[in-house]
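Protein chains: 2
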Amino acid sequence: MSTPRKAPTMADVARLAGVSPMTVSRAFKRDASVSDATRSAILEAADSLGYVFDSTASNLRSQRTDFVAVTIPSINNANFADTVRGLSEGLKERGLQILLGYTDYDIQEEERLVEQLLRRRPEAIVVTGGRQTPRTRRLLENAGIPVIETWDLPDNPVGHVVGFSNAAAVRSMVDHFVSVGITRIAFIGGDADRDTRGTDRRAGFIAAMQAHGLDPDRLIAAGTPPISMREGADAMGRLLDTLPDTQAVICVSDLSAFGALTECQRRGVNVPGQIAVAGFGDYEIAGICVPSLTTINPLPREIGKRAAELILDVLDGTQAGPATIALEPILMRRQSSP
Amino acid sequence: MSTPRKAPTMADVARLAGVSPMTVSRAFKRDASVSDATRSAILEAADSLGYVFDSTASNLRSQRTDFVAVTIPSINNANFADTVRGLSEGLKERGLQILLGYTDYDIQEEERLVEQLLRRRPEAIVVTGGRQTPRTRRLLENAGIPVIETWDLPDNPVGHVVGFSNAAAVRSMVDHFVSVGITRIAFIGGDADRDTRGTDRRAGFIAAMQAHGLDPDRLIAAGTPPISMREGADAMGRLLDTLPDTQAVICVSDLSAFGALTECQRRGVNVPGQIAVAGFGDYEIAGICVPSLTTINPLPREIGKRAAELILDVLDGTQAGPATIALEPILMRRQSSP
DNA sequence: TTCGCCAGAGATAACGATAACAAAATGGTA
DNA sequence: TACCATTTTGTTATCGTTATCTCTGGCGAA
Numbered sequence: 013m014s015t016p017r018k019a020p021t022m023a024d025v026a027r028l029a030g031v032s033p034m035t036v037s038r039a040f041k042r043d044a045s046v047s048d049a050t051r052s053a054i055l056e057a058a059d060s061l062g063y064v065f066d067s068t069a070s071n072l073r074s075q076r077t078d079f080v081a082v083t084i085p086s087i088n089n090a091n092f093a094d095t096v097r098g099l100s101e102g103l104k105e106r107g108l109q110i111l112l113g114y115t116d117y118d119i120q121e122e123e124r125l126v127e128q129l130l131r132r133r134p135e136a137i138v139v140t141g142g143r144q145t146p147r148t149r150r151l152l153e154n155a156g157i158p159v160i161e162t163w164d165l166p167d168n169p170v171g172h173v174v175g176f177s178n179a180a181a182v183r184s185m186v187d188h189f190v191s192v193g194i195t196r197i198a199f200i201g202g203d204a205d206r207d208t209r210g211t212d213r214r215a216g217f218i219a220a221m222q223a224h225g226l227d228p229d230r231l232i233a234a235g236t237p238p239i240s241m242r243e244g245a246d247a248m249g250r251l252l253d254t255l256p257d258t259q260a261v262i263c264v265s266d267l268s269a270f271g272a273l274t275e276c277q278r279r280g281v282n283v284p285g286q287i288a289v290a291g292f293g294d295y296e297i298a299g300i301c302v303p304s305l306t307t308i309n310p311l312p313r314e315i316g317k318r319a320a321e322l323i324l325d326v327l328d329g330t331q332a333g334p335a336t337i338a339l340e341p342i343l344m345r346r347q348s349s350p
Numbered sequence: 013m014s015t016p017r018k019a020p021t022m023a024d025v026a027r028l029a030g031v032s033p034m035t036v037s038r039a040f041k042r043d044a045s046v047s048d049a050t051r052s053a054i055l056e057a058a059d060s061l062g063y064v065f066d067s068t069a070s071n072l073r074s075q076r077t078d079f080v081a082v083t084i085p086s087i088n089n090a091n092f093a094d095t096v097r098g099l100s101e102g103l104k105e106r107g108l109q110i111l112l113g114y115t116d117y118d119i120q121e122e123e124r125l126v127e128q129l130l131r132r133r134p135e136a137i138v139v140t141g142g143r144q145t146p147r148t149r150r151l152l153e154n155a156g157i158p159v160i161e162t163w164d165l166p167d168n169p170v171g172h173v174v175g176f177s178n179a180a181a182v183r184s185m186v187d188h189f190v191s192v193g194i195t196r197i198a199f200i201g202g203d204a205d206r207d208t209r210g211t212d213r214r215a216g217f218i219a220a221m222q223a224h225g226l227d228p229d230r231l232i233a234a235g236t237p238p239i240s241m242r243e244g245a246d247a248m249g250r251l252l253d254t255l256p257d258t259q260a261v262i263c264v265s266d267l268s269a270f271g272a273l274t275e276c277q278r279r280g281v282n283v284p285g286q287i288a289v290a291g292f293g294d295y296e297i298a299g300i301c302v303p304s305l306t307t308i309n310p311l312p313r314e315i316g317k318r319a320a321e322l323i324l325d326v327l328d329g330t331q332a333g334p335a336t337i338a339l340e341p342i343l344m345r346r347q348s349s350p
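So this is what it looks like as structure tokens:
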């Protein structure tokens, strides 16, 4: 089934096609000047030998890998997956491939990952950013390639930024509830600072409540981030048990919000009649569950798309200094809130 | 912010540490014989220079990349994400990194992808398998590395297999319904053969119905695979409109099944009282939605874990011939069915 | 004392493509 | 026909690490 003999190289193809290895190399590039006759002869020879281009050699000699390194907290998250898809589509046309790694929401793991990725000499690196270990930061600063932080607006960014303010996004939700007369608002989130974005959302909730002169203490800790649907449901149970006069609850993600919704269903608690529920992320489920879920769409696909464009501009030299692209998340009013 | 000067190499580190480049190389390996004093001096020198190991050169010279290529249909799918996580964890201890690509459920795209991945000279390749273009098959056969097909049990595998029978899994669901006296069963799936596993599930449904002497024609085409929650809901609407005497419906995935459930909620159709609903995948949502969803757990994490073990065994030479590991998906009886 | 063994370190060449430069072939024009 | 511009092809050296072989010094056993 497999071929034990050594894989053919360009030299083998060149010999068979009666040209020099350099011409074979050119034939495998797009725009290189090779006559049609020669190129097809070469491709035919390559095909008959079962030749597969070896990018390890190409990478070393040309000092280009056509990799863009991307770190995301979790592979199992539709929002980050959308960002990766946006990136991937934007980079594909230029022949750039994504080298993906996930940090499991752990900045120590992120440090290991970033170092591993940089060893592969990517053309650029995209991190789901905000906070990182000092060493990670140093690695990024000295990497000598474009660095893009996403999903956040860091105070002191390493390089470029394509993101949004998690705190401001949650504030807009609080403002919305207050504008319709709701004042007793709770927040369901993680019980640790592992997930920096989740932490920012909770901080945004507290700040917004205080800005309205409201009590920001209805905080339900739902477990180690990221919070699952089940943990969201459990947290909602505790909220209904301990603070039954709560009028609305904002959840750190749509998944926990959906879990919370199901707990209300199980208990016969009417949403939004007795309590309003809001999420974050605008996952597909938010639009289709019953009642549909009020949430915030942080434009994950757009983040990826803009990051890809930015990378291409920087690599082309079109983009000079560090850019910060701040996106405006969209409040999606649906049935789970008034 | 970035360093315009050329990145330091092992030679620079060697000079600063007062040793030969070869010794630096050894110091960066695990088991290589370097005295502790020398090693720490080298690492210190490397750190002070901001040296980052260059694997492009290492890859070429050592003919090893420590990549395992993995293709999945979609990055935005919790089942495949679980398989990737299982793979990733199993390979990490050996220093193998995953090079991930997705095919968008398109075998032409898969062909392009497989070729791109093979150019990077991975140590092994894992495909979400079953059917591929002739050229893809040829590329895999001649790649000279272990090939693992997953999520399927192909009739004529390229190499190794870690999967299950999609048809048999759906048959078990049909058998379950028949065993509780349900005979008018429908199937909601895609309207094209793009998704080979979805197609197998539909074929399994038809065969199982025929085996029981039942009518297999209650087939609802829900759109281009993969079917979304929304498309599942629309399909359920059509089913209720056109075949209102249907007693149960099996959906090609949990996502479409959940969409179908929500449509029942919207119409006030009782599940499972008026109609039973089943899905496929055992996504988290299946366990928590109301009513919870009867489904099939295909053990996605286990697939990844076993595939990783198999790869390590093959690379070690422990595993001789091509292996086929057939897993048994688990029928999860929940509230959406009797 | 001699020999063998081994840990620790160095010297050399090579992995397979391509950047950079050079030369030959081609085509159009004066 | 001669000449220049352009296209097409070839030659040489090299990217940064490491496989492989060699060498040195120290230590224990005979």
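Here the protein sequences come in this chain order: Y and Z. For the first sequence, the working numbering gives the first residue as 13, with consecutive numbering after it. For the second sequence, the working numbering gives the first residue as 13, with consecutive numbering after it. Even for Gly, the Cβ is constructed at its ideal location relative to N, Cα and C.
Spatial neighbours of residue 208 of chain Z in its own chain (CB-CB distance under 6 Å, excluding positions within 5 residues in sequence) are listed in chain order as 142, 143. In this structure, the beta-carbon distance from residue 350 of chain Y to residue 181 of chain Y does not fall below 7 Å.
Between residue 234 of chain Y and residue 99 of chain Y, the gap from beta carbon to beta carbon reaches 7 Å or more.
A straight line joining the alpha-carbon of residue 238 of chain Y with that of residue 86 of chain Y spans about 9 Å. Three or more Cβ pairs closer than 8 Å define a contact, and the region 263 to 278 of chain Y meets that threshold against the region 194 to 214 of chain Y.
Taking all protein chains shown into account, residue 222 of chain Z has fewer than 16 neighbouring C-beta atoms within 10 Å of its C-beta and is therefore exposed. Of the other Cβ atoms in all chains shown, fewer than 16 fall within 10 Å of the Cβ of residue 34 of chain Z; this residue is therefore exposed. When rounded, the separation of the alpha-carbon atoms in residue 348 of chain Z and residue 210 of chain Y is 33 Å. Put simply, the region 61 to 70 of chain Z touches the region 68 to 81 of chain Y. At least three CB pairs are less than 8 Å apart. Counting every other CB atom within 10 Å of its CB across the protein chains shown gives residue 52 of chain Z a total below 16, marking it as exposed. Of all residues in the region 241 to 265 of chain Y, the ones placed with a Cβ closer than 7 Å to any Cβ belonging to chain Z are 241, 242, 245, in chain order. Assignment of residue 315 of chain Y by DSSP, reduced to helix, strand and coil, places it in the helix class. In the three-state reduction of the DSSP assignment, residue 135 of chain Y falls in the coil class, being assigned neither a helical nor a strand state. Listed in chain order, the beta strand (DSSP E) runs fully inside the region 277 to 316 of chain Z are 288 to 290, 307 to 309, counting runs of at least 3 residues.
Against residue 88 of chain Y, the close residues of chain Z are 90, 93, 94, 97, in the order they occur along the chain (beta-carbon pairs closer than 8 Å).
Its chain contains 84 as the residues whose beta carbon lies nearer than 6 Å to that of residue 92 of chain Y, once the 5 sequence neighbours on both sides are disregarded; these appear in chain order. With contacts defined as CB atoms closer than 7 Å, residue 78 of chain Y and residue 113 of chain Y fail to qualify as a contacting pair. Bridge pairing for residue 199 of chain Y: Y:231, Y:262 [DSSP]. By the rule that beta-carbons nearer than 7 Å mark a contact, residue 69 of chain Z touches chain Y. Interface residue (Cβ-Cβ distance to chain Z less than 7 Å): residue 132 of chain Y is classified as such.
The beta carbons of residue 157 of chain Z and residue 134 of chain Z sit about 6 Å from each other, so the pair counts as a contact at 8 Å. By the Cβ test, the region 255 to 262 of chain Z is in contact with the region 287 to 295 of chain Z, since at least three Cβ pairs between them sit closer than 8 Å.
Secondary structure at residue 155 of chain Y: coil, using DSSP grouped into helix, strand and coil. With three or more CB-CB distances shorter than 8 Å, the region 239 to 246 of chain Z counts as touching the region 292 to 301 of chain Y.
Interface residue (Cβ-Cβ distance to chain Z less than 7 Å): residue 296 of chain Y is classified as such. Per DSSP, the beta-bridge partners of residue 109 of chain Z are Z:79. With respect to the C-alpha of residue 122 of chain Z, the residue from Z:24, Z:172, Z:175, Z:140 having the closest C-alpha is Z:140. DSSP links residue 338 of chain Z through a beta bridge to Z:175.
Judged by DSSP in its simplified three-state form, residue 194 of chain Z adopts coil rather than helix or strand. Taken through DSSP and simplified to helix, strand or coil, residue 160 of chain Z comes out as strand. As computed with DSSP, residue 140 of chain Z is found in a beta bridge with Z:162. The residues 123, 126, 127, 130, in chain order, have a CB closer than 8 Å to that of residue 151 of chain Z in the same chain once the five nearest residues on each side in sequence are set aside. Not a single C-beta of chain Z is nearer than 7 Å to the C-beta of residue 168 of chain Y.
At a cut-off of 7 Å between C-beta atoms, residue 126 of chain Z does not count as an interface residue with respect to chain Y.
Per DSSP, reduced to three states, the secondary structure at residue 343 of chain Y is strand. Taking C-beta separations shorter than 8 Å and ignoring five residues to either side along the sequence, the partners of residue 266 of chain Y in its chain run 291, 292, 293, 294, 295, 297, 298, 305, 307, following chain order.
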